[in-house]
Amino acid sequence: RKEVEQDPGPFNVPEGATVAFNCTYSNSASQSFFWYRQDCRKEPKLLMSVYSSGNEDGRFTAQLNRASQYISLLIRDSKLSDSATYLCVVNMAGWGDTGRRALTFGSGTRLQVQP
Amino acid sequence: DTGVSQDPRHKITKRGQNVTFRCDPISEHNRLYWYRQTLGQGPEFLTYFQNEAQLEKSRLLSDRFSAERPKGSFSTLEIQRTEQGDSAMYLCASSLAERLAGGSDTQYFGPGTRLTVL
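Chains as they are written, first to last, in the working numbering: chain A, 17 to 131; chain B, 28 to 145.
Encoded structure:
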């Protein structure tokens with residue numbers, strides 16, 4: 017079983033649609049959670065961190081459910097420029113840790129927003 | 028450009044040859060990471076440095092792989108006796124560990140070095 021699992025998609029949605037991605041992680045010791053965005057043949061870029069209380073950044077909302085080990089990303093009012101692969105990422109590093117800094121990535125969910 | 032830079036951007040080599048990649052982190056970032064990404068997969072962690080100390084190594088980092096960060100600034104990743112299975116994108120990332128901060132610091136990725144082993 018992969019440590020971080022995502023539906024690979026692709027999700028094909030029209031402009032303006034709302035789309036949700038889900039992710040599950042297997043290691044209950046995971047401490048930090050993120051969504052990264054990766055455009056084709058480019059490097060991953062941090063989209064947002066994910067907190068237990070949920071957080072929002074413009075059209076993007078991320079949720080974390082530690083009990084279910086589940087992370088979600090909601091994109092409202094999709095734009096053509098949102099087309100990319102969205103990577104769910106977890107990290108075991110906690111306060112004061114110098115080790116366990118590795119980010120563990122899911123395989124990504126591909127989103128294609130169509131005009 | 029003050030982001031993470033990597034050199035070369037592309038490398039084609041024959042099986043059995045040695046290759047070396049370089050990563051220059053964001054200035055003043057004390058942590059540096061190497062990841063490998065194959066088509067259709069997310070990046071996989073290889074190793075991590077804090078300053079010049081190599082603090083974490085993945086099982087993926089076989090004895091043909093070696094990474095260094097001699098002065099705590101740029102880093103090199105060498106692959107000896109390359110195999111076709113080494114073909115991948117090699118990504119470098121850096122972050123700033125702030126002394127009083129906890130949890131995970133944000134990792135910023137470079138553009139990667141795409142390796143093709145023939």
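Yeah, the Cβ is synthetic: ideal placement off N, Cα and C, and Gly gets one too.
Thinking residue i and residue j are a contact (beta carbons under 8 Å), I'd like their distance in whole angstroms, please.
i, j, result
"A:Leu-127", "A:Val-105", "Rounded, the Cβ-Cβ distance is 16 Å, inconsistent with contact."
"B:Gln-33", "B:Gly-99", "Between B:Gly-99 and B:Gln-33 the Cβ distance is about 18 Å, and since that is not below 8 Å, they are no contact."
"A:Ser-94", "A:Val-129", "5 Å"
"A:Glu-19", "A:Leu-96", "No, A:Glu-19 and A:Leu-96 are not in contact; Cβ-Cβ is about 32 Å, not under 8 Å."
"A:Phe-121", "B:Gly-69", "3 Å"
Under the three-state reduction of DSSP, which class applies to residue i: helix, strand or coil?
i, result
"B:Gln-111", "helix"
"B:Leu-145", "coil"
"A:Ser-99", "coil"
"B:Val-31", "coil"
"A:Cys-56", "coil"
"A:Gln-128", "strand"
"B:Leu-66", "coil"
"B:Arg-58", "strand"
"B:Phe-101", "coil"
"B:Arg-36", "coil"
"B:Tyr-135", "strand"
"B:Met-116", "strand"
"A:Glu-21", "strand"
"B:Arg-49", "strand"
"B:Ser-122", "strand"
For the beta strand (DSSP E) that residue i lies in, which residues bound it at each end?
i, result
"A:Ile-87", "86-91"
"B:Phe-72", "71-77"
"B:Ser-85", "Counting along the chain, B:Ser-85 falls outside any beta strand (DSSP E), and DSSP gives it neither H nor E."
"A:Phe-45", "One point to set straight first is that residue 45 of chain A is Ala, not Phe, in the sequence displayed. Neither: A:Ala-45 is in no beta strand (DSSP E) and is coded neither H nor E."
"A:Asn-71", "71-73"
"A:Pro-30", "27-30"
"B:Ser-93", "92-95"
"B:Lys-41", "Counting along the chain, B:Lys-41 falls outside any beta strand (DSSP E), and DSSP gives it neither H nor E."
"A:Met-64", "61-66"
"A:Thr-77", "76-81"
Note down, in chain order, each residue of its chain lying with its Cβ closer than 7 Å to the Cβ of residue i, except the 5 sequence neighbours on either side.
i, result
"B:Ile-53", "Thr-29, Gly-30, Val-31, Ser-121 and Tyr-135"
"A:Leu-62", "Phe-50 and Tyr-52"
"B:Thr-65", "Ala-115"
"A:Thr-40", "Glu-21, Gln-85 and Tyr-86"
Would the C-beta of residue i count as close to the ligand HEM, meaning under 7 Å from any of its heavy atoms?
i, result
"B:Gly-139", "Ligands in the displayed structure: none, and consequently the ligand HEM is not present."
Just to confirm my understanding: we take residue i, look at its own chain, exclude 5 residues before and 5 after, and list those with CB closer than 6 Å. What are they?
i, result
"A:Gly-25", "Thr-125 and Arg-126"
"A:Thr-77", "Leu-90"
Using a Cβ-Cβ cutoff of 8 Å, what residues of the segment 70-85 of chain B are near chain A? List them in chain order. Pro-70, Glu-71, Phe-72, Tyr-75, Gln-77, Leu-82, Glu-83 and Ser-85
Proximal residues, the segment 43-65 of chain B versus chain A, C-beta separation under 9 Å: Arg-58, Tyr-60, Tyr-62 and Gln-64
Anything in the segment 107-120 of chain B with a Cβ closer than 7 Å to a Cβ of chain A? List those residues in chain order, please. Per Cβ criterion, the list reads Leu-118.
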